[in-house]
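If you read the protein sequences in the order shown, they are chains R and B. Position in the first sequence (from 1) plus 194 gives the number in the working numbering. To convert, note that position 31 of the second sequence is 30 in the working numbering; the numbers rise steadily by one, no gaps. Quick notes on the structure that follows.
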Amino acid sequence: MTAIEDAIQTPAMTRRLHEALEGLISANPNACWRSDLSTSNRFPFQYYVTAMSEPGPDADQVLVIAVECFDFHDETGERLIVSADITGEDGLLLSESPRAVVNVPAERIVLRNPEEALTTIIEQIQRATDGIAEWIASQNPIVRQALAPEAKRGIYER
Amino acid sequence: MSERRISKGIVYRAGKGNPSNMTPRPSDTEGPQRGLSAHVDPTRALPHIDGSGKPRIFRVALIDVGELRDLQAFEDDTGHVAIRPTEDSVLKEWAESRNAEGAPHALTREVQGAIIGYVDIER
Numbered sequence: 195m196t197a198i199e200d201a202i203q204t205p206a207m208t209r210r211l212h213e214a215l216e217g218l219i220s221a222n223p224n225a226c227w228r229s230d231l232s233t234s235n236r237f238p239f240q241y242y243v244t245a246m247s248e249p250g251p252d253a254d255q256v257l258v259i260a261v262e263c264f265d266f267h268d269e270t271g272e273r274l275i276v277s278a279d280i281t282g283e284d285g286l287l288l289s290e291s292p293r294a295v296v297n298v299p300a301e302r303i304v305l306r307n308p309e310e311a312l313t314t315i316i317e318q319i320q321r322a323t324d325g326i327a328e329w330i331a332s333q334n335p336i337v338r339q340a341l342a343p344e345a346k347r348g349i350y351e352r
Numbered sequence: 000m001s002e003r004r005i006s007k008g009i010v011y012r013a014g015k016g017n018p019s020n021m022t023p024r025p026s027d028t029e030g031p032q033r034g035l036s037a038h039v040d041p042t043r044a045l046p047h048i049d050g051s052g053k054p055r056i057f058r059v060a061l062i063d064v065g066e067l068r069d070l071q072a073f074e075d076d077t078g079h080v081a082i083r084p085t086e087d088s089v090l091k092e093w094a095e096s097r098n099a100e101g102a103p104h105a106l107t108r109e110v111q112g113a114i115i116g117y118v119d120i121e122r
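Right, here's the structure in full:
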């Protein structure tokens, strides 16, 4: 998985995601936005963009746009599941993307031709993230609606 | 109310694994339940919600407390779980980092690393 993780975390892989998310942020400039890219054992990547009600540590969280790659294992094998969602306060689900599933071949298959196996997986992940980027770009109405009550209350202005 | 440290098992916190949700607020650094709040019951990880209106889905994070290293998890008699460091001074420093620009606090990263998935709860 390390080689796959290294490939997933390259700027090329996340570039379209980053552009789509920046597009949403630019379209909604009145929010206090924070972004974060992280990895863990279960999630080769997790990309979060959060709209906060104001600066400062006691601010309320208004909206979270999350793009995640989840490393799933069961008796049938290993799969990477790439998906995105938009949640409001306390995790209220506002919108979610279709899930893209990338099968990770068994080790014996990878060992036959590691370079080809890795290239195939990375191409599939790239297609999945590109699809997620397109979905993100379509979510501005959802984002605007979720942020609108905050804007009307002037919550971003001190 | 008594509390006991738990070193294994899954606890639940409403919302996603973004840094501001995995960092306690400064107002959460005092009292017996101080720290990042979670619950042993995913349905009780949600705030009180008015039962009227159409059902809504909430996404809840599963946190494996066995993955925590510098943080500890304490369960009280209500099933509430407080995740916090051993030193209260570190807890306060951690909370002050919430919503700051730049890289998240190391303890926020530790909680994020302990997330093993999400479950949807309908209310």
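Note that the Cβ used here is the ideal one computed from N, Cα and C, for glycine as well.
Buried or exposed, going by whether 16 or more other CB atoms sit within 10 Å of the CB of residue 220(R)?
Per the 10 Å Cβ criterion, exposed.
Could you tell me if residue 309(R) is buried or exposed, where buried requires 16 or more neighbouring beta carbons within 10 angstroms of its beta carbon?
Answer is exposed; the Cβ neighbour count stays below 16.
Report the neighbours of residue 268(R) on chain B: residues whose CB is nearer than 8 Å to its CB, in chain order.
The premise fails here: residue 268(R) is roughly 13 Å from chain B at the closest Cβ pair, so nothing lies under 8 Å.
Measure the alpha-carbon distance for residue 289(R) versus residue 279(R) and round it to whole angstroms.
Distance between the alpha carbons of residue 289(R) and residue 279(R) is about 6 Å.
Residue 14(B) lies in the beta strand (DSSP E); which residues open and close that run?
First-last for residue 14(B): undefined, no H or E at that position.
When the Cα atoms are used, what is the spatial distance from residue 239(R) to residue 253(R)?
Cα to Cα, the separation comes out at about 26 Å.
List, in order along the chain, the chain B residues whose C-beta lies closer than 8 Å to that of residue 250(R)?
Under the 8 Å cutoff, chain B gives 98.
Is there at least one Cβ from chain B nearer than 8 Å to residue 291(R)'s Cβ?
No, residue 291(R) does not count as interfacial toward chain B.
Strictly below 9 Å CB to CB, what residues from chain B border residue 244(R)?
Under the 9 Å cutoff, chain B gives 15, 17, 18, 19, 20 and 98.
Using only CA atoms, which one of 98(B), 110(B), 102(B) and 79(B) lies nearest to residue 4(B)?
That would be 79(B), whose Cα lies nearest to the Cα of residue 4(B).
By a C-beta neighbour count over all protein chains shown, 10 Å radius and 16 as the cutoff for buried, is residue 110(B) buried or exposed?
Residue 110(B) comes out buried.
Considering only the beta carbon of each residue, do residue 72(B) and residue 59(B) sit closer than 8 Å?
Not in contact: residue 72(B) and residue 59(B) (Cβ atoms no closer than 8 Å).
Of the residues that make up the region 22-38 of chain B, which ones have a beta carbon closer than 7 Å to any beta carbon in chain R?
Listed in sequence order: 24, 25 and 26.
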